[in-house]
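Numbering (this note's numbering), first residue to last: 81 to 452.
Note that beta-carbon positions come from the ideal geometry of N, C-alpha and C, so glycine has one too.
So the structure is just underneath, and the comments pick up after that.
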Ligand SMILES: *Cc1c(COP(=O)(O)O)cnc(C)c1O
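Below you can see the structure in the form of structure tokens.
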């Protein structure tokens, strides 16, 4: 049996029961289950606001867009970000005509607070922190730096559903989660944006539905007689989530803690099995953290040959990520992040999902200890 990088697992009957409710009621869109999931998510994370979307990419864009507008940022202002990430957070910066400034990563492969501080200029407005693989890196230090220097902080928590740091779910001006098909809490495609400030949450709710100022659910209440008379306050986007995706997310959230615990068990097996292999380095776990363990990452010298050799044995690891500066829209960016560059050429994500058995992990470990 091939050992894949990601295999999403759903509690099928529970998902179908939730979806059945939507279909029987005749309510598959915005409202109903999206409201239920937002409440459940707020309760789970302790965040004061949560707005369910059709993707995390939309959430990242809304965060940058709304912070820019409400704080009066100008085109060309800078957001310090990591080059070692999925393309969404950095594209979100470009959507708003802002300038991504790439800082380097640390041993956790997340933004290094020391280098972030060095990259601050008079035009810096925010930091975009990505918790790579669900590990929070030195998020606390970056948060403290943002507070001290008056910068906004956006947390791309696409990998971080369930991650805890010092016992709590990390918070920022905006935290964005992904419920895309292979993330820790998978649906078909969905995301969440959690603003700390209720005013910004209210703007996000309008902007995520084309700028319309009331959602369908509210409009079909007693004031529904004139429901076509809604205002369009903003040139908004079509980013809101729907009840079918929320129906898949609700049971997923119920099982998230248990599922992440299993991921950490798998990670422990990898750590143990690879502990004596001096030819590779396991990305460490930040102190006093409980990572969601979306990824399990190692750094290895012969990465590209190793991938081919593992594939030949039907083991399919992944790479997270290609240095974003390789893409043409960042060709102007200088090589200001050498560790990220190096990591991008040596990092490897091992299979990490809920169907992996101890025997699967032993197979991967044995192959790595032979081939790395
Ligand atoms: C998956 C991912 C996103 C985007 O999530 P979508 O829900 O697919 O838009 C953003 N950032 C990171 C780090 C991701 O891995």
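Open item on the list: Tell me which residues share the same chain as residue 279 and place their Cβ nearer than 8 Å to its Cβ, disregarding the 5 neighbours each side in the sequence.
Closed with: 150
Task: Under the three-state DSSP convention, the category residue 409 falls into - done: helix
TODO: Would you decide whether residue 308 is buried or exposed? Buried here means 16 or more other CB atoms lie within 10 Å of its CB.
DONE: exposed
Task: Inter-residue CB distance, residue 110 and residue 322 (contact presumed, cutoff 8 Å) - done: 6 Å
TODO: Could you tell me whether the Cβ atoms of residue 269 and residue 275 are closer together than 7 Å?
DONE: no
Open item on the list: Can you tell me whether residue 318 is helix, strand or coil according to DSSP?
Closed with: strand
Open item on the list: Judging by CA-CA distance, which residue of 395, 207, 384, 438 is the nearest neighbour of residue 84?
Closed with: 395
Open item on the list: Under 6 Å: does the beta carbon of residue 403 sit that close to some heavy atom of ligand 1?
Closed with: no
Open item on the list: Suppose the cutoff is 7 Å on Cβ atoms and the five residues either side in sequence are ignored; what does the same chain contact list for residue 430 look like?
Closed with: 350, 376, 378, 397, 444
TODO: Helix, strand or coil for residue 338, going by three-state DSSP, please let me know.
DONE: helix
Open item on the list: Taking the straight line between their C-alpha atoms, what separation do you get for residue 207 and residue 387?
Closed with: 33 Å
Task: residue 258, enclosing alpha helix (DSSP H) - first and last residue - done: Unbroken run through residue 258 is the beta strand (DSSP E), 254-258; no alpha helix (DSSP H).
Task: Reduced DSSP category for residue 190 - H, G, I as helix; E, B as strand; rest coil - done: coil
Task: Near ligand 2: residue 210 beta-carbon under 6 Å from a heavy atom - done: Because ligand 2 does not appear in the structure shown, any question about it cannot be addressed here, the ligands present being ligand 1.
TODO: Pull up the distance between the alpha-carbon of residue 409 and that of residue 180, whole angstroms please.
DONE: 11 Å
- [ ] Assign residue 255 to one of two classes, buried (16 or more other C-beta atoms within 10 Å of its C-beta) or exposed (fewer than that).
- [x] buried
Task: Residue span of the alpha helix (DSSP H) that contains residue 116, given as start and end - done: 113-125
- [ ] Might you give, ordered along the chain, the residues of its own chain that have their beta carbon closer than 8 Å to the beta carbon of residue 463, omitting 5 neighbours on each side?
- [x] This structure leaves residue 463 out entirely; the chain is present only between 81 and 452.
- [ ] Using DSSP bridges, identify the partner residues of residue 312.
- [x] 292
Task: Endpoints, the alpha helix (DSSP H) within which residue 279 is located - done: 278-287
Open item on the list: On the criterion of 16 or more Cβ atoms from any shown chain inside 10 Å, does residue 355 qualify as buried, or is it exposed?
Closed with: exposed
Open item on the list: Using only Cβ atoms and a threshold of 6 Å, which residues come within that distance of a heavy atom of ligand 1? Order them by chain position.
Closed with: 135, 136, 137, 165, 166, 168, 169, 210, 236, 238, 239, 258, 260, 271
TODO: Using three-state DSSP, classify residue 205 as helix, strand or coil.
DONE: strand
Open item on the list: Quick check on the DSSP output: the alpha helix (DSSP H) that includes residue 361 runs from which residue to which?
Closed with: Counting along the chain, residue 361 falls outside any alpha helix (DSSP H), though it belongs to the beta strand (DSSP E) covering 360-362.
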